[in-house]
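Working notes, structure below.
Residue numbers (this note's numbering): 213 to 306.
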């Protein structure tokens, strides 16, 4: 079994008002990745993903391609090792 990581990401670009959070949620749930995504007041989107590194890399490739409306210009990623998942699902935080 691969190590479990918590990835915290700030997505910058055209990521609000274009269905980006719903897209991230749908892809994450399909891949069995837990965590959450939310809009920030500064126009960015913040997300937390709990998964192994390989699944995270696959997820990010899909997210970077976008939903046809979103455009990511920059991603600030932080990674920390975890022992146990904090989340049981992937949800949109309001």
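Ideal placement from N, C-alpha and C gives every residue a C-beta, glycine not left out.
| Check | Outcome |
| --- | --- |
| Cut-off 7 Å between Cβ atoms - residues of its own chain near residue 226, not counting five sequence neighbours on either side | 282, 283 |
| Burial state of residue 233, where buried means 16 or more other Cβ atoms lie within 10 Å | buried |
| Cβ-based neighbour list, residue 231, same chain, cut-off 7 Å, excluding 5 preceding and 5 following | 279, 281 |
| Selected residue, minimal CA-CA separation from residue 309, among 219, 255, 215 | The requested residue 309 is not part of the displayed model; the chain covers only 213 to 306. |
| Residues bridged to residue 260 (per DSSP) | 220, 248 |
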